[in-house]
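I have placed the structure first, in the form of structure tokens, so that the comments after it can refer back to it.
2 protein chains.
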Amino acid sequence: MSKKYVYSFHEGNGSDKMLLGGKGANLCEMTQIGLNIPAGFVISTEACLKYLADETAPLPKSLKNEVLLQMKELEKQTGKKFGSAKDPLLVSVRSGGAMSMPGMMDTILNLGLNETTIKGLIEKTANPRFAWDAYRRFVQLFGKVALGVRDECFDVVFDEIKHRSNVTKDVDLTAEDLEEATYSFLRVVADVTGKPFPSDPYDQLEIAILAVFRSWNGKRARDYRKQFHITPAMANGTAVNIVTMVFGNMGNDSATGVGFTRDPGTGENVMYGEYLTDAQGEDVVAGIRTPKPVKEMETEMPEMYRQLVELRNKLEAHYHEVQDYEYTIEKGVLYCLQTRNGKMNTVAQVRTSVEMAQDNLISRKNAVLRVKPDDLTQLLSPQIDKSHAGKPIATGLSASPGAASGAIVFDANDAETWRDAGHKVILVREETKPEDIHGFFASVGILTSRGGKTSHAAVVARGMGKPCVAGAEGIKVDVRAKLATVGEHKLHEGDIITIDGGTGKVYLGEIPVIPPEFSEELKTLLSWADTFATLKVRANADTPDGAKKAREYGATGIGLVRTERMFNDVDRLPIMVDMIVADTIKQRTAALAKLGKMQREDFKQIFLTMAPLPVTVRLLDPPLHEFLPGEFDLLDKIAETKETGESAHAVKLLAAVRSLKETNPMLGHRGVRLGLTDPNIYQMQIHAILEATADCEEQGVHVVPEIMIPQVITVQEIDPILKWAKEIAADIAKKRNIVVKFSFGTMMETVRACLRADKLAETAEFFSFGTNDLSQATFSFSREDAENKFLPFYNEQEILIDNPFEILDVYGVGKLMRMAVEDGRKVRPNLKVGICGEHGGEPRSITFCHSIGLSYVSCSPLRIPIARLAAAHASLNEKK
Amino acid sequence: MSKKYVYSFHEGNGSDKMLLGGKGANLCEMTQIGLNIPAGFVISTEACLKYLADETAPLPKSLKNEVLLQMKELEKQTGKKFGSAKDPLLVSVRSGGAMSMPGMMDTILNLGLNETTIKGLIEKTANPRFAWDAYRRFVQLFGKVALGVRDECFDVVFDEIKHRSNVTKDVDLTAEDLEEATYSFLRVVADVTGKPFPSDPYDQLEIAILAVFRSWNGKRARDYRKQFHITPAMANGTAVNIVTMVFGNMGNDSATGVGFTRDPGTGENVMYGEYLTDAQGEDVVAGIRTPKPVKEMETEMPEMYRQLVELRNKLEAHYHEVQDYEYTIEKGVLYCLQTRNGKMNTVAQVRTSVEMAQDNLISRKNAVLRVKPDDLTQLLSPQIDKSHAGKPIATGLSASPGAASGAIVFDANDAETWRDAGHKVILVREETKPEDIHGFFASVGILTSRGGKTSHAAVVARGMGKPCVAGAEGIKVDVRAKLATVGEHKLHEGDIITIDGGTGKVYLGEIPVIPPEFSEELKTLLSWADTFATLKVRANADTPDGAKKAREYGATGIGLVRTERMFNDVDRLPIMVDMIVADTIKQRTAALAKLGKMQREDFKQIFLTMAPLPVTVRLLDPPLHEFLPGEFDLLDKIAETKETGESAHAVKLLAAVRSLKETNPMLGHRGVRLGLTDPNIYQMQIHAILEATADCEEQGVHVVPEIMIPQVITVQEIDPILKWAKEIAADIAKKRNIVVKFSFGTMMETVRACLRADKLAETAEFFSFGTNDLSQATFSFSREDAENKFLPFYNEQEILIDNPFEILDVYGVGKLMRMAVEDGRKVRPNLKVGICGEHGGEPRSITFCHSIGLSYVSCSPLRIPIARLAAAHASLNEKK
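This is the structure:
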């Protein structure tokens, strides 16, 4: 028996894409699950390869026979006849390999038309214009793709006819025009090929099949396979799909439509879609008639509607995903033409996934995997309503997501004044400093013309969850004149702008904003995600309010309290400055005591909010000069106040600024280095942490804070600090008779810490990767400088595919992290290891963190849902 | 037979330090090689352990017998009798374990003295004062160390006697006074211990032996062993050495002296030392009499001199090292009391090592190993003559070695003016900038009040081999007033100071300077070193002059030409600035073309100087703003020139400075990043290198330059540059018909480069570690900030033992280097790997570089001899 090359849709194995191509296998599958698919069959990829092995040889006899048999079968099933003048069977012919691939042959529709069968089509549709249009299209398409006649040859003829009929659009041509065109096209083909257009439908069919086969080896298809590394193991040869044509334009019992099995905008479980009676698909696309909502079919064609509901239910029952489907009703018979997974927005994706799981259509695991973590960003920050947005006047960096509109102000005090007067304000600065912090509180959004994604403005705004566009270099800010210039626009205090921190765009005027959604379905989905994730998700939060938000968003603890943030409050910064410029030890101690009291209260509130969840407190990290005003500002101030004799303080500050000045502050006198050279700062902070712990214990709330040291390079740095902490705890035990416990660990944000992880683990009970700094050190990139100068160029040129400050660099930074985790756990097997850099909220980076066995990721509260979902994905996708 | 516990010096195994202690074994060895050592014996450490196992038990009978036998033997050898009133045998008793250890028992001298034997001693020495002094010392020392009587008890009595005799110094006491003191001391011992002072010599001996044994377990000895981790495997128990006393004060045929087997100041192979006739060692120390040079003995005591020469020859023949020895002549008999390896200065160390090898006393290998590489620093830079140096007025960082005196000037133009007027000048600045470069050329030394060891001043001075003291913060420099204030001193232009770049010290006035020595012996030693070293030594040199110096010092190539140095010349910097601030592409291209022409000529000269040795050229590394003046300077200039209307250029420069400004320049827009974003700079440089290569070929000199790219993090950065280089070479081949070859490689100075070494090695033919930057990135330390702020504190507190910018951090940076070498060679087995950071000239770091298989180290020309020696040591010390 000769090899089988042809499979009817009832026979083909729906999962055998290598043999039948993706499209063919899908058609077989749809047929076999009982959908009413127009009858048809598939010629296998093996037939294609057989033919291509020797193109000069004729088609195998057996293949021809199989095709003939299948065509007879189609005639039987449809009651139509191939080549008949009464009720002609027409088919489409299309290619389809195992992988979708541009460059393969286009679809040929209405194959089987000729001077005889055109009459039957006219009679059946009672629409001569449609029939002739179909015929002339068939001749052109067949001529082009099967016989190699170039489009231009048809175009010149067609344009001539339009010119003669004095019309410019195809739709204005009459049936007669199109009939003329058809005959002209037939002549064109004969002229160009030197042979008459094949009028025998079986000749047409054979030529079409061979053309499909040959297109597999066409230049475009080969180039495409080469470029995307598609090997024969992935796709080898193309199949040929031959499907009966059906028509929705055969009268009022015919129709054509498209639908989603659920509402792709909201995810609601309802019939959704549009249709047109007595029409074909192209009419919907051409926009000549306005389609009706599918609901109307319920009254217009109740039986058809019932069948459509049935079809929809079958689709979901079989595919377990929301489907985007096309159908045609030909004389009261519903045909499903195509179905594929429906594209939805995130709201709908979340809702349908959860509801399908609740209806046992899919598992919870599938529901969780179906939503992309990054897509949640859409749901979690207010967004510009795009339908109302005009052209942006400037673009900066997307520094903190969300959109906000407000009146612009140019300094922090003005921000408060305007806010107090009842306005929403946006603070616009060249760059911001700690002393502007009250301006952040007073504003709904921040816009700066300088600085990168880790600039002060960006980091503080993200921490507060406020929108921020940073480094919008097109804007010139003149703070004294209270004027921002953007190209031709001059913006004054009080002018309204809208910023979109998600895209970095700045708009004139107020643009409506869509509030963030945190639906019940999302909560459900995340609660399921948590059951799958092994990686915990903590929040970076610096205030009691931040802690509350962290719990709301489902954090399992706080992974990073940046204690320096507490010094930046408008009522605290001056005390910090006093401490820095203190002339005597007494003054310094007094300032530290004041700060300590405030920190203790902060810690207490954070601990109480989070208990019994863990809280990691990082001791002071930035260099002291970050708390002081800028050198130029001070020089201005001194010049201004010289004559009034009020410049003494500024002069003192200037001296401090100059003595603390550093060439590379990122690599300077900060973190543990400062903690060791100026021990009273860390001692004050440890005191505040442990006294706050005791305060909680006194209230019956058990708390074990995690004390974390930044910028560590060697265990010799942390040993003395652990000693201080033990002494302070002993002191509290003695004075207050309360035993306080704490855990002690280190940031891993220097390269050396990673290289010496085994030594560090001898003292540290936990590690937390600070991948912002670690990435800077690994690349020798200062993030601010890099993002403003060369990193965009690097990304554009694909020297670096990703921005390593957004997506963790697994080959460099990740290699160090993996080493550190392994070496640390060799010494301390139960070492807790987390990450608290911004990568902790980025899905691909979270997947990597999971893969190297981290215990948790910590990120800004707004990213927690994303991180929870990403952590679940990482677990679920892991190959065991 | 009972265990043997006691060994005469003739019996003991000279190498068995565990059994006999270091001192005992040494005495045995000296005896057995035929030196005339005072007769004696050793009680083994085993006896000590046996005794300590049960302190209540009496000494083993066998041990006592052995001691008795040995004492009889001593009597036989010396002809003296223990306890005799005629010619009494006196001995010393001292402890000695396998390792030298403070806290063990002091030496007891003159044991055997009592009321009987004192008479014999007086008679023999004819020196009652000496005899009574010896006796009262013996009583005190024995009382203290063997019987536990505290020093104060003797002191009060002794002070009373001095008071009564109305003398203040011990030396002024008479024989009678000392006799009285002796009797008083005997009473003190009896009073305190409740028992009379043991007068029987054998009782004295037994008590002394037991006291030595017990001292092994004394608190101080135990603490010492614990602190220095001395385990029983390293030293277990103490031996007891009992040695016949000999006296150099027994008349004119007696003497005492010390000597070196060669001159320890020059290394000359001559008799060297001093002696005193009729004296004992203490007299030399007390300084009462002036000792005579040993040469005088040749006439005064010719036979003794002959024996001394013989002794010296024996010592060197046996020990093969210059010996520092002590001797006593007692009545015409020469005794060698002690010998040890002589401490010498480096000049002598080098000369003696080379001459001993030439005389076949030692091998060349030993000669090379005998000189510490670091010690060569002494020989290679001019030094302050310490005998003339007063107190320094200020101290800064030792930024570039060598000493220099000169008139101070405060700016580069003044330096030229003064130099042209015939003065030697020292340039004094707060810090220096590229525009000061002509001031460096005009000066003999540089002094700055700010900046670290990699500050501009330090790096440029080191490159030029000129002394530099940097960051001398005690000095206030007021450039406009041409005044430097240091405490009370006010220094004006023209005042003379001396700086010592090796110690960082600054002196008032001119202090004589000793020129560097590069002796024939050193040359010989280094030529031997080269035969042992596998690691090659190259030089960092940026000019044809530097290249000449490199060859002179024995470099095997240039490992680093910093091309940016070539732009810093006074006639080139303005062109560089023009290039940076160019308004049009035409202006920029013109400036680049000028620079390219100059670089081409430089390269040609360097290549010709070095051929056929290899030269590695690094393309531009620093960020562009480093070539521009400072922001504040420009603001001043603009203010000054505003009214004259000449400020336009400064305003333009200021705009450039501000737009190029970076937060962390160390991690900024520099190296390959700049090379890629502004491709015409690197293209110009590659052009200059390859045209220069072609110029050499044209002259018949074959040259293959090594082109090196700085700051690389990924192979995607270097691939396009290699492509440019190939295109430029092809262009030259076409235009000039000369085929130029080159080698292409990368700096390894970012952490990521080390982590991605395998990928980089796919393109790079060589690696060169830039450990200055790599250390900064690994530690997250900015060197300038660290050395000025916290690093001294870290070193002081031993948080870091070494300064990682001076001594390579093998645990962190070294780990990365090792990984990079291994990973790189997996991909390219013949990968050439070097180091061109400052560590390349530091011996411990060189040892490490050897251990990880580097091909070469490259360092500043002045460090080449050190590096050559260190490379040899690394090879020779390697455990195979």
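Chains as they are written, first to last, in our numbering: chain G, 1 to 880; chain R, 1001 to 1880. Ideal Cβ placement from N, Cα and C applies to all residues, glycine included.
Say whether chain R places a C-beta atom closer than 7 Å to the C-beta of residue i.
| i | result |
| --- | --- |
| H669 (chain G) | yes |
| G474 (chain G) | no |
| I799 (chain G) | yes |
| E784 (chain G) | yes |
| G812 (chain G) | yes |
My guess is that residue i and residue j are in contact by the Cβ rule of under 8 Å, so how many angstroms apart are they, rounded?
| i | j | result |
| --- | --- | --- |
| F790 (chain G) | T1448 (chain R) | In fact, because the Cβ distance is near 32 Å, the residues do not count as touching under 8 Å. |
| I1362 (chain R) | A1255 (chain R) | I1362 (chain R) to A1255 (chain R), Cβ: 31 Å. No contact. |
| M112 (chain G) | P88 (chain G) | Here residue 112 (chain G) is Gly; the residue named in the question, Met, does not match the sequence. With a Cβ gap of about 6 Å, G112 (chain G) and P88 (chain G) count as contacting. |
| K424 (chain G) | V444 (chain G) | 5 Å |
| A1404 (chain R) | I1499 (chain R) | 6 Å |
| Q70 (chain G) | F41 (chain G) | 4 Å |
| L315 (chain G) | Y327 (chain G) | So it is not a contact: roughly 10 Å between Cβ atoms. |
| A1472 (chain R) | V1506 (chain R) | 6 Å |
Just to make sure I have the definition right: I need the residues of chain G whose C-beta is within less than 8 Å of the C-beta of residue i. Which are they?
| i | result |
| --- | --- |
| F1518 (chain R) | Simply none; closest approach about 37 Å. |
| L1816 (chain R) | V751, L755 |
Note down, in chain order, every chain R residue with its Cβ under 9 Å from the Cβ of residue i.
| i | result |
| --- | --- |
| K433 (chain G) | Under the 9 Å cutoff, chain R gives no residues; its nearest Cβ is about 14 Å from K433 (chain G). |
| T778 (chain G) | I1713, T1750, V1751, R1752, L1755, A1777 |
| L676 (chain G) | F1790, F1793, Y1794, Q1797, I1799 |
Tell me, please, whether the CB atom of residue i is closer than 7 Å to any CB atom in chain G?
| i | result |
| --- | --- |
| G1439 (chain R) | no |
List, in chain order, every chain R residue whose beta-carbon is nearer than 7 Å to that of residue i.
| i | result |
| --- | --- |
| S781 (chain G) | At residue 781 (chain G) the sequence reads Phe, which differs from the Ser that was named. Neighbours of F781 (chain G) on chain R, chain order: L1667. |
| R673 (chain G) | F1790 |
Cβ closer than 9 Å: which chain G residues qualify as neighbours of residue i?
| i | result |
| --- | --- |
| D1773 (chain R) | S780 |
Could you list which residues in chain R have their beta carbon closer than 8 Å to that of residue i, in chain order?
| i | result |
| --- | --- |
| K597 (chain G) | Per Cβ cutoff of 8 Å: no residues; K597 (chain G) is ~28 Å from chain R at best. |
Chain G contacts made by the stretch 1391 to 1419 of chain R, where a contact means CB separation under 8 Å: Along the stretch 1391 to 1419 of chain R, there is no position whose C-beta sits under 8 Å from a C-beta of chain G.
Runs of alpha helix (DSSP H) wholly within the stretch 679 to 718 of chain G (minimum 4 residues, chain order): As summarised for the stretch 679 to 718 of chain G, the continuous alpha helix (DSSP H) elements at least 4 residues long and confined to that stretch are 679 to 698, given in chain order.
Inside the stretch 726 to 751 of chain G only - beta strand (DSSP E) runs reaching at least 3 residues: Those beta strand (DSSP E) runs which fall completely within the stretch 726 to 751 of chain G and span 3+ residues are 743 to 748.
Residues of the stretch 1694 to 1721 of chain R with Cβ closer than 7 Å to any Cβ of chain G, in chain order: Listed by position, the residues of the stretch 1694 to 1721 of chain R near chain G (Cβ gap below 7 Å) are Q1711, I1713, T1714, Q1716, E1717.
Residues, ordered as in the chain, of the stretch 633 to 667 of chain G that lie near chain R by beta-carbon distance below 8 Å: Taking 8 Å as the Cβ-Cβ cut-off, the stretch 633 to 667 of chain G approaches chain R at E662, T663, N664, P665, M666, L667, given in chain order.
Residue ranges of each beta strand (DSSP E) within the stretch 1084 to 1140 of chain R, 3 or longer: Runs of the beta strand (DSSP E) inside the stretch 1084 to 1140 of chain R: 1091 to 1096, 1108 to 1111.
Alpha helix (DSSP H) runs wholly inside the stretch 374 to 446 of chain G, at least 4 long, in chain order: With a minimum length of 4 residues, the continuous alpha helix (DSSP H) runs that stay inside the stretch 374 to 446 of chain G are 377 to 380, 412 to 420, 437 to 442.
Residue ranges of each beta strand (DSSP E) within the stretch 1172 to 1260 of chain R, 3 or longer: Fully enclosed beta strand (DSSP E) runs of no fewer than 3 residues occupy 1239 to 1244, 1255 to 1260 of the stretch 1172 to 1260 of chain R, in order along the chain.
Runs of beta strand (DSSP E) lying entirely within the stretch 1013 to 1092 of chain R, each at least 3 residues, in chain order: The DSSP assignment places 1040 to 1043 as complete runs of the beta strand (DSSP E) inside the stretch 1013 to 1092 of chain R, in order along the chain (cut-off: 3 residues).
3 or more residues per run - each beta strand (DSSP E) lying fully within the stretch 1595 to 1682 of chain R: Fully enclosed beta strand (DSSP E) runs of 3 or longer: 1615 to 1618.
Continuous alpha helix (DSSP H) assignments of at least 4 residues falling wholly in the stretch 336 to 372 of chain G: Within the stretch 336 to 372 of chain G, the complete alpha helix (DSSP H) runs of at least 4 residues are 346 to 358, 364 to 370.
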